[in-house]
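Engineer: Chains A and B, in that order, give the protein sequences. Position 110, counted from 1, in the first sequence is what my numbering calls 110; the numbers after and before it change by one each time, with no gaps. Position 90, counted from 1, in the second sequence is what my numbering calls 90; the numbers after and before it change by one each time, with no gaps. Quick reminder that beta carbons are idealized off the backbone N, C-alpha and C, glycines included. In this text, all values refer to a predicted model and were calculated from it rather than measured experimentally.
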Amino acid sequence: DSGVTQTPKHLITATGQRVTLRCSPRSGDLSVYWYQQSLDQGLQFLIQYYNGEERAKGNILERFSAQQFPDLHSELNLSSLELGDSALYFCASSAAGGRAETQYFGPGTRLLVL
Amino acid sequence: GEDVEQSLFLSVREGDSSVINCTYTDSSSTYLYWYKQEPGAGLQLLTYIFSNMDMKQDQRLTVLLNKKDKHLSLRIADTQTGDSAIYFCAERGAGNMLTFGGGTRLMVKP
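This is how it looks when you write it as structure tokens:
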């Protein structure tokens, strides 16, 4: 158990809908990362937050957004969902987001768009 | 851009050693990681190596890094059926994000 929690574990929805994925980092960690794992794209970095502020952005679509709240939990919002958004979404956390730090991953949220 | 490559599949017999290979392109990589993913589960950090090291050993795991060739390997000694999983190599380059390889599926036959 990494100490990173993600809810829900599974999510089934329809095209055009909007969903919110939630992540709670390990106790004391200030930085949260979101990754997407799909069959065709593999594991890709989406976005990083540090203490409430966006720090780095990867291959995140404009239909997707994220935020980190004062209690340090983070939410990833996916809107206007398409079939191709079906994937496993991972959250990871690290202490301060620095280059020397290890990222610990949560169990993921499996999203299926029908 | 950054690119990390791994072979897709490896099959070994229980008790043998497994060697999973990875190549990367980003010469500014500072840390390189190995993660394990079991079916339906998240990513479990196995080990990591700093780019100024050649080797790191952690119980049954040995990581070798050839920085000149940008080649990383993970050796699992005395492989067990419980080691069957997908193994991902990842590099941390100039940014804080990790760039992952496509994963190597390890199958351990009894």
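1. What does DSSP give as the partner residue(s) for B/M55 in the beta ladder?
2. Rounding to the nearest angstrom, what Cα-Cα distance links B/G93 and B/L32 in this structure?
3. Of the residues A/P107, A/G42 and A/L30, which one's Cα is nearest the Cα of A/Y50?
4. So which residues of chain B does A/R55 contact, with C-beta pairs closer than 8 angstroms?
5. Say whether chain B places a C-beta atom closer than 7 angstroms to the C-beta of A/L111.
6. Going by the beta-carbon positions, is the gap between A/L88 and A/G108 smaller than 7 angstroms?
7. Determine the extent of the beta strand (DSSP E) in which B/H71 is found, giving its start and end residues.
8. Does any residue of chain B bring its CB to less than 7 angstroms from the CB of A/P70?
9. Can the beta-carbon of A/F105 be found closer than 7 angstroms to that of A/S2?
10. At a cut of 8 angstroms, does the stretch 42-58 of chain A reach the stretch 49-64 of chain B through at least three beta carbon pairs?
11. Any idea if B/K36 is buried or exposed, counting beta-carbon neighbours within 10 angstroms, 16 or more meaning buried?
Structural biologist: Reading off the structure:
1. When DSSP reads this structure, B/M55 sits in a beta bridge with B/L64.
2. So the two alpha carbons sit approximately 9 angstroms from each other.
3. Nearest C-alpha to A/Y50: A/L30.
4. The contact set of A/R55 on chain B, defined by CB atoms closer than 8 angstroms, consists of N96 in chain order.
5. Look at A/L111: its C-beta is not under 7 angstroms from any C-beta on chain B.
6. Here A/L88 is near A/G108, since their CB atoms are less than 7 angstroms apart.
7. Per DSSP, B/H71 belongs to the beta strand (DSSP E) from H71 to I76.
8. So no, A/P70 is outside the interface.
9. Result yes, Cβ atoms of A/F105 and A/S2 sit closer than 7 angstroms.
10. Of all C-beta pairs linking the stretch 42-58 of chain A to the stretch 49-64 of chain B, fewer than three are shorter than 8 angstroms, placing the two stretches out of contact.
11. Within a 10 Å sphere around the beta-carbon of B/K36 sit 16 or more other beta-carbons, which makes this residue buried.
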